[in-house]
Every structure is written in structure tokens, then in C-alpha cells.
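What follows is a short report on a single structure.
Right, dumping it as C-alpha cells:
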């Protein structure tokens, strides 16, 4: 029997959100003993818990079929690795930061200076594309301390909230790229594993779709149903059920999270009353 092999980060925020995504997708994975490899109990899936920086090579070598990883890492180490799905969590930036006292105007101010980073390829490619030469100091971990100890003039590192930069007397001056977790696929994945990936991806898409949508119920005068329906474009057609009070119906549909409040305002203006909004666990289309 074929089994799909997936790599995820063995600790940290990406680990937690990856495990939650698998759980939301109906896949049971137990790693109570901190094992490096476990098998799901209800889906043909084998999970490898790896160091984040090692995952691209495991994909390239075909040791694992797929992985949940930040796409910034694929830019650095994952040439030839395809992205099957953007997952929408663990969002961050790979940014240039300098000491607060640095009188920064443009990237040209960094020409010839020393930059500490864990992403040397990303940095070299970026500055080369701008016609700027920098001296790369590759280090792993605690990059933000480099200017304070005289190792570099600036850094390039992952930035989420910016609090770590602030604590170390740095300021963000340029964004090289924006990143999020993605479902990455090995170039050596077999046809059997691709079939399993398709099933897993279908589940993941249902989960992701539900997170971007809300289920909405409202009371609507019958003569306003068509107008209300035209405001609700997510599904093919809203569900309409008559109420006990003559001339009124209950209308059920789905709206996008991104346009939620604008749609609510339109619905109220169109005559909807008693609007209820509920989260959606899964959304299968």
C-alpha cells in the first residue's frame, strides 16, 4: 500500500500550525514521545519531524513527498521544488534592518557594507539585482545581535512583529520578500503519492476555504429575497425557508471574511433583519 510522506518543522509556531491543519483535515497524528517519524492512524500519511533548514534537501532528494514549509526557505534552498498550495499562516517578511542610528536613505547606503544573515543566496540575489555589492557574513541564529557586537553593519532576517528588531536597537528599512507557509512538493514524487496528495489537498482546501468564509442567516421580507440574493455571491444560490410569520423567509448563505462588514451593511440596507453569523468548520465545493 502506498503511503504519502510529509515533512514538517519539529518545533515552533510552524510545527503547531501544521499539526493543527492536519487535525482540521481529519488526520490523526500523535507525537507524544517526540518521535522523529510517526504514521497517521486514519490516513496513509507518514510524518517526518525535521529541522526547518533541512526540509528542502529532503524534498529534493525524494526522501519525503511533500512538506509544510515557509516559502522563504524555498527561495533560499528549494530550487526546483513546486508549491501545491499556499496555506495562509506563519506569515512573515525577509527584511533588511540597520541600527536605529544609521542614517538610511536607500539601498545604495549599504553598498560595500557587511550584512549578517542566515539567507545568503536570497541576499546575494537581491542586492545583485539592484547592482549593489555587499559583504555577506553567514550566521545561523541570533542574527539581530550582529551589529551590536561589531560583526556587521546591517542584517537580513525574518521579521514578524518587529519586536525583536526593536529590542536589539534595529529598524526595518527594506522588505526583500513576503513569506507564508506553503505545501511544497518533491520533484521526485511518484504517481501513487500524487494521487494521495490530491486527496490530502482536497481536504486542506476545504479547511482553508472555511477559514475565509462565514455562514450567515437572516430574516428577509419575501419581496426583498431577490435583492438580498444578489448581494450574496459566494454560493450558487442562498437557501430560502419560509418563516411562521407570513410574508417572511429565513435566508442562509456564505460570505467572504474579507468583505464581511461591507456585505453586512448592504444586507441591512436591503431589508435583512435578525442577522446571525456562524463560523464554518469545513467548506466542500
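Numbering (this note's numbering), first residue to last: 895 to 1179.
All C-beta atoms, glycine included, are put in the ideal place defined by N, C-alpha and C.
Expected contact under 8 Å - CB spacing of residue i and residue j to nearest Å
i: residue 974; j: residue 1081; result: 5 Å
i: residue 1112; j: residue 1048; result: Incorrect: roughly 54 Å between the Cβ atoms, too far for contact.
i: residue 1097; j: residue 919; result: 4 Å
i: residue 1095; j: residue 978; result: 6 Å
i: residue 1050; j: residue 1013; result: 6 Å
i: residue 893; j: residue 1074; result: Here the chain comprises residues numbered 895 to 1179, so residue 893 is not present and cannot be evaluated.
i: residue 1052; j: residue 988; result: 6 Å
Rounded straight-line distance, which links the Cα of residue j to that of residue i
i: residue 896; j: residue 1135; result: 46 Å
i: residue 945; j: residue 961; result: 12 Å
i: residue 1054; j: residue 950; result: 22 Å
i: residue 1071; j: residue 1056; result: 15 Å
i: residue 1038; j: residue 925; result: 32 Å
i: residue 1091; j: residue 968; result: 19 Å
i: residue 1155; j: residue 1058; result: 34 Å
i: residue 1138; j: residue 1145; result: 14 Å
i: residue 1036; j: residue 1045; result: 12 Å
i: residue 913; j: residue 1006; result: 43 Å
i: residue 1168; j: residue 959; result: 49 Å
i: residue 917; j: residue 1043; result: 44 Å
Backbone secondary structure at residue i - three-state DSSP
i: residue 994; result: coil
i: residue 1147; result: strand
i: residue 951; result: helix
i: residue 1089; result: helix
i: residue 1042; result: helix
i: residue 1101; result: helix
i: residue 1065; result: strand
i: residue 963; result: strand
i: residue 1082; result: coil
Identity of the residues DSSP links to residue i by a beta bridge
i: residue 1032; result: 1011
i: residue 1153; result: Paired residues: none, contrary to the question.
i: residue 1167; result: 1113
i: residue 918; result: For residue 918, which the question treats as bridged, DSSP gives no partner whatsoever.
For the segment 950-957 and the segment 1006-1025, state whether three or more C-beta atom pairs, one from each stretch, are separated by less than 8 Å. Cβ pair count under 8 Å is below three, so no.
With a threshold of 8 Å, are at least 3 pairs of Cβ atoms found where one atom belongs to the segment 1115-1134 and the other to the segment 927-945? Contact fails: fewer than three Cβ-Cβ distances are below 8 Å.
Using 8 Å as the threshold, is the segment 1155-1164 in touch with the segment 899-906, meaning 3 or more CB pairs across them? Fewer than three beta-carbon pairs drawn from the segment 1155-1164 and the segment 899-906 are found closer than 8 Å, and the two stretches are therefore not classed as touching.
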